[in-house]
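Inspection log for the structure reproduced underneath, given as structure tokens.
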Amino acid sequence: MTKILLVEDDKSLREIYGVRLLAEGYDIVSAGDGEEALAMAIKERPQLIVSDVMMPKISGFDMLDILRSTTETKDIKVIMMTALSSEDQRARGEQLGADRYLVKSQVGIEDVVRTVHEVLADAPVAQNTFAKPAAPAPAAPVAPVPSAPQPAVPATPDAQPAPAQATPVAPTATPVPSAPTAPAAPTPPTPVATPAADAPTGELPQPTAPFSSPRPATLGERVIQPVANDTPTPDDMASRIAAELASAGVPTIAPETPAPTASQPPQPPVAS
């Protein structure tokens with residue numbers, strides 16, 4: 012399996028490139044600076060190094076110079092990736108022996124993957140591109156089916172299209188400006204009368220009949236008669252006593268009638 016050494020001080024970028032290249036089937040080892048990358052290169056012996064330029068301790072250019080001057084690492088292919096886009100930096104990288112020089116702001120991760128395949132010359136689509144296409148299977152012969160002759164239809168001459176009649180266009184009326192209207196005077200608001208409270212009426216509620224049920228049909232017109240008083244009056248008592256005495260033979264005493272008295276003349280006043 013092809014081994015690639017990723018040298019990047021940005022951990023997030025190192026992980027992104029590592030996951031993407033791992034998906035391509037490569038064995039990935041990584042380092043965070045140039046000094047660690049030199050030790051990993053001698054120990055792991057990768058086939059390709061993808062390295063940043065601006066790193067702590069040892070820069071990418073210095074690391075590349077040491078790799079090319081060391082016997083164990085001088086044949087390792089190197090791709091330099093950096094934010095330095097000047098032509099002087101590019102010329103320096105190529106002079107030190109970089110196989111490719113990529114500017115991060117001008118390429119994406121898929122461009123990096125394609126460059127890796129180009130440098131390693133192991134493009135996965137090569138075998139599919141040059142493979143001979145499989146010969147198609149011969150189709151079974153189909154017996155021709157005789158078709159019944161169709162009667163010829165006489166061609167009819169094409170009807171000449173009628174000339175299109177021009178549609179008269181009605182003249183557009185020129186709009187007449189209307190006379191300005193005088194602004195209407197503002198109308199004062201009409202006061203709204205407040206409804207007066209309902210005055211209490213002097214009528215009292217009418218009493219209702221105590222009957223809670225309809226009046227029976229058998230109840231006739233009743234007339235209240237006065238009650239007869241059996242208690243004897245004083246005149247009746249006197250007549251009864253007289254009748255009892257008369258029946259017993261006791262003489263009754265008639266009441267005496269007082270004798271009339273003569274009226275006396277008035278007395279003259281006495282002189283003193």
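If you read the sequence shown in the working numbering, its first letter stands for residue 12, the second for the next number, and so on.
Note that the Cβ used here is the ideal one computed from N, Cα and C, for glycine as well.
> Which residue comes first and which comes last in the beta strand (DSSP E) that contains D63?
Replying inline: Numbered from 1 along the sequence shown, position 52 holds the residue referred to as residue 63. Here the beta strand (DSSP E) through D63 covers L59 to D63.
>> Would I90 and R111 qualify as a contact pair, given that the criterion is a beta-carbon distance under 9 angstroms?
In response: On the sequence shown, residue 90 is found 79 positions in, with the first residue counted as 1. On the sequence shown, residue 111 is found 100 positions in, with the first residue counted as 1. In contact: I90 and R111 (Cβ atoms closer than 9 angstroms).
> Using the rule of at least 16 other Cβ atoms within 10 Å of the residue's Cβ for burial, across every protein chain shown, is A52 buried or exposed?
Replying inline: Indexing the sequence shown from 1 puts residue 52 at position 41. Under this definition A52 is a buried residue.
> Just checking my contact of S80 with V18 at CB under 8 angstroms: how many whole Å lie between their CB atoms?
Replying inline: Here residue 80 is taken as the residue at index 69 of the sequence shown, counted from 1. Here residue 18 is taken as the residue at index 7 of the sequence shown, counted from 1. No, S80 and V18 are not in contact; Cβ-Cβ is about 17 angstroms, not under 8 angstroms.
> Which residues bound the alpha helix (DSSP H) around L95?
Replying inline: For the purposes of this step, residue 95 is taken as residue 84 along the sequence shown, with counting starting at 1. No alpha helix (DSSP H) contains L95, which DSSP labels as neither H nor E.
> Which same chain residues, not among the five before or five after G108, have their C-beta less than 6 angstroms away from its C-beta?
Replying inline: Counting from one through the sequence shown, the residue named residue 108 turns up at place 97. The residues R79, in chain order, have a CB closer than 6 angstroms to that of G108 in the same chain once the five nearest residues on each side in sequence are set aside.
> Which residues mark the beginning and the end of the beta strand (DSSP E) in which V40 is found?
Replying inline: The count along the sequence shown starts at 1 and reaches residue 40 at position 29. Annotation for V40: the continuous beta strand (DSSP E) segment containing it runs D38 to A42.
>> For a quick check, are the C-beta atoms of L113 and V123 less than 9 angstroms apart?
In response: Stepping through the sequence shown from its first residue, residue 113 is reached at position 102. Stepping through the sequence shown from its first residue, residue 123 is reached at position 112. Yes; because the gap between Cβ atoms is below 9 angstroms, this pair is in contact.
> Straight-line CA distance for Q100 to G36?
Replying inline: Counting from one through the sequence shown, the residue named residue 100 turns up at place 89. Counting from one through the sequence shown, the residue named residue 36 turns up at place 25. Going from the Cα of Q100 to the Cα of G36 covers about 32 angstroms.
>> According to DSSP, simplified to helix, strand and coil, what is V118?
In response: Here residue 118 refers to the residue found at position 107 of the sequence shown. Secondary structure of V118 (DSSP, three-state): coil.
> If we ignore side chains and look at the alpha-carbon of each, how far apart do D38 and S97 end up?
Replying inline: Translated into the one-based positions of the sequence shown, residue 38 becomes position 27. Translated into the one-based positions of the sequence shown, residue 97 becomes position 86. It is roughly 32 angstroms from the alpha-carbon of D38 to the alpha-carbon of S97.
>> Can you find the residues in the same chain that come closer than 6 angstroms, C-beta to C-beta, to A48, ignoring five residues on each side of it along the sequence?
In response: Working through the sequence shown from its first residue, we reach residue 48 at position 37. The residues V18, A42 and M74, in chain order, have a CB closer than 6 angstroms to that of A48 in the same chain once the five nearest residues on each side in sequence are set aside.
> Just the Cα atoms here: how many angstroms apart are E121 and T82?
Replying inline: Sequence index remark: in the sequence shown, residue 121 carries index 110 (1-based). Sequence index remark: in the sequence shown, residue 82 carries index 71 (1-based). Roughly 32 angstroms separates the two Cα atoms.
> What's the gap between the Cα of T126 and the Cα of I87?
Replying inline: Numbered from 1 along the sequence shown, position 115 holds the residue referred to as residue 126. Numbered from 1 along the sequence shown, position 76 holds the residue referred to as residue 87. The straight-line gap from Cα to Cα measures roughly 15 angstroms.
> For the candidate residues S116, D20, G29 and E26, whose alpha-carbon lies nearest to that of L95?
Replying inline: Taking the sequence shown and counting its residues from 1, one reaches residue 95 at position 84. Ranking the options by Cα distance to L95, first place goes to S116.
> What do you reckon, are the CB atoms on L16 and I60 nearer than 9 angstroms?
Replying inline: In the sequence shown, counting from the first residue as 1, residue 16 sits at position 5. In the sequence shown, counting from the first residue as 1, residue 60 sits at position 49. Yes, the pair counts as a contact, with Cβ atoms nearer than the cut-off.
> Measuring CA to CA, which of Q58, L32, M66 and M92 is closest to K85?
Replying inline: What you label residue 85 is simply residue 74 of the sequence shown in a count that begins at 1. That would be Q58, whose Cα lies nearest to the Cα of K85.
> Residues in its own chain within less than 7 angstroms of K68 by CB, not counting five upstream and five downstream?
Replying inline: To locate residue 68, count along the sequence shown from 1; it is residue 57. Once the five neighbours on either side are set aside, the close Cβ partners of K68 are D44, G45 and E46.
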